[in-house]
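Under the UniProt record's numbering, the first residue of the sequence shown carries the number 1, and numbering increases by one thereafter.
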Amino acid sequence: MPCHVMCGNSHCITSCSALLPLSHRRKKFLGGGTVFGQDSVRTVLNIALAEFLGTGFLVFLGCMGTVVGLGEFPPTHLQISITFGMVVATAIQLIGHISAAHLNPAVSVAAIILGKINIPMAVVYILAELSGGIAGFGLLQVVTPDSILRSKSNGSCCALCVTLPHPELSAFQAVLAEGLATSVLILVVCAVWDKRNERNTDSVPLRFGFTVMAIAAAEGPYTGASMNPARSLGPVIWTGVWDSHWLYWVGPIVGAVLTSFMYKQVFDRTPAHVIQVTEDDNEQAIPLQSNRHSKELEAERGSNLNITQA
């Protein structure tokens, strides 16, 4: 927020204008301002549409990469991991500048804790992501022959792209595996959103793509490495295979909450002697001065003003 110092007689008054530029108003809205503020309707619609399309794109192409029966060779686990990783990278490149490309309710929950969005805005994000995941898998159903969709080679009958834990895992182990996998993803999210890292944005899509690829390759045999309730919900809605679906909500959401809170408390703490002053969209940390030194500066400014007036 831009601040101005007005000096007269022997004292100075600092005022901070509430008339923020458009970019500031949007930042305030997205990070805790009122939902029905100026420019909010268009902002919400843009973000909702971007998240809907991005998540739909993710589920459509990602799950398409798991289909068995159309190609000469069935997709391997490594191939599926690469597919999802590269699809995530592409989706971020497509909509990252519009909505920050959450594509995942767990990421949106982390954004609340990190102060990036408010709760009403998070609801918009999550609803758009869930709707996009459902629509994306629905589109895959349209373009895929019914005989392929119902083939047992695509998992148990009618379970194409449905995330299921390994049968040897207990419920606790499956939830823990999903939570830990999501925690790694959220750590990368926190690092990318960290202000100290804000200039290193050129390769963000690839960072997330390789992160998803690595996690999926390692953790996939355990639970399918969903890390994303929207990615798991879409196939479940269309196939009706609800077995163990709850753990793909509990694991990622709990992992996102704990990891983002830990990052905020441990790594993202501004020292008490530093304040943030914003001017022309550029933020810089300025050390607070002692009261005595501030009074001396105010007196000096007042003297200079009186001399000028004389």
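Here a beta-carbon is modelled for each residue, glycine too, at the ideal position from N, C-alpha and C.
Candidates the options: closest to residue i by CA position
{"i": "N104", "options": "V188, P120, P252", "result": "P252"}
{"i": "S81", "options": "L58, T55, A217, G71", "result": "A217"}
{"i": "R150", "options": "V67, F60, L58", "result": "V67"}
{"i": "residue 311", "options": "T144, F172, V41", "result": "As displayed, the chain neither begins before 1 nor continues past 310, which places residue 311 out of reach and without an answer."}
{"i": "V44", "options": "M64, P120, T83, Q93", "result": "P120"}
{"i": "A181", "options": "L53, G255, T83, H97", "result": "G255"}
{"i": "V109", "options": "F210, V204, S260", "result": "S260"}
{"i": "A91", "options": "E129, W193, D194", "result": "E129"}
{"i": "G56", "options": "Y263, G132, V41, G115", "result": "G132"}
{"i": "L169", "options": "C161, I113, E178", "result": "E178"}
{"i": "W242", "options": "T211, W193, R199, A159", "result": "A159"}
{"i": "S226", "options": "I95, S203, V184", "result": "V184"}
{"i": "P165", "options": "T211, I113, A122, S232", "result": "S232"}
{"i": "F210", "options": "G136, N197, W193, V189", "result": "V189"}
{"i": "L61", "options": "Y125, L139, G115", "result": "L139"}
{"i": "H77", "options": "L127, Y248, L94, A214", "result": "A214"}
{"i": "residue 311", "options": "L53, V123, S40, T223", "result": "Residue 311 lies beyond the range of the chain shown here (1 to 310); nothing can be said about it."}
{"i": "R196", "options": "I126, F267, L258, R42", "result": "F267"}
{"i": "R207", "options": "A89, H97, V41, L258", "result": "A89"}
{"i": "V41", "options": "W193, G220, V124", "result": "V124"}
Exposed unless 16 or more other CB atoms sit within 10 angstroms - verdict on residue i
{"i": "A174", "result": "buried"}
{"i": "H102", "result": "buried"}
{"i": "A171", "result": "exposed"}
{"i": "P229", "result": "buried"}
{"i": "I286", "result": "With a pLDDT of 36 at I286, under the threshold of 50, the modelled position of that residue is not reliable, and no figure is offered here."}
{"i": "V236", "result": "buried"}
{"i": "T201", "result": "exposed"}
{"i": "P167", "result": "exposed"}
{"i": "P205", "result": "buried"}
{"i": "E198", "result": "exposed"}
{"i": "L114", "result": "buried"}
{"i": "P21", "result": "Bear in mind that the predicted position of P21 carries a pLDDT of just 40, short of 50, making it unreliable; the figure below should be weighed with that in mind. Under this definition P21 is an exposed residue."}
Same chain, Cβ closer than 6 Å to residue i, five either side skipped, listed in chain order
{"i": "A111", "result": "I117"}
{"i": "S99", "result": "I47, A50, E51"}
{"i": "P74", "result": "V68"}
{"i": "H245", "result": "V236"}
{"i": "V250", "result": "V175"}
Coarse secondary structure for residue i, derived from DSSP in three states
{"i": "C63", "result": "helix"}
{"i": "M227", "result": "coil"}
{"i": "N291", "result": "Only weak support is given to the placement of N291: the predicted model assigns it a pLDDT of 49, under 50, and the value that follows is read from those uncertain coordinates. Looking at N291 - three-state DSSP - the assignment turns out to be helix."}
{"i": "D202", "result": "coil"}
{"i": "W242", "result": "coil"}
{"i": "T211", "result": "helix"}
{"i": "V162", "result": "coil"}
{"i": "D268", "result": "coil"}
{"i": "V41", "result": "helix"}
{"i": "L169", "result": "coil"}
{"i": "R150", "result": "coil"}
{"i": "D281", "result": "Because D281 sits at a pLDDT of 46, beneath the cut-off of 50, its placement in the model cannot be relied upon, and the following sentence gives the value as read from the coordinates. Three-state result, D281: coil."}
{"i": "L70", "result": "coil"}
{"i": "T76", "result": "coil"}
{"i": "T144", "result": "coil"}
Same chain only: Cβ atoms within 8 Å of residue i, ignoring 5 sequence neighbours per side
{"i": "G65", "result": "P75, Q79, I80, T83, F84, V87"}
{"i": "W238", "result": "I134, F137, G138, Q141"}
{"i": "C63", "result": "G136, F137, L140, L160, C161, G234, P235"}
{"i": "L247", "result": "P165, A171, A174, V175, E178, T223"}
Same chain, Cβ closer than 7 Å to residue i, neighbours up to 5 away in sequence not counted
{"i": "G234", "result": "V59, G133, I134, G136, F137"}
Alpha helix (DSSP H) runs contained entirely in the segment 86 to 128, provided each spans 4 or more residues: Runs of the alpha helix (DSSP H) lying entirely within the segment 86 to 128 and spanning at least 4 residues, in chain order: 105 to 113.
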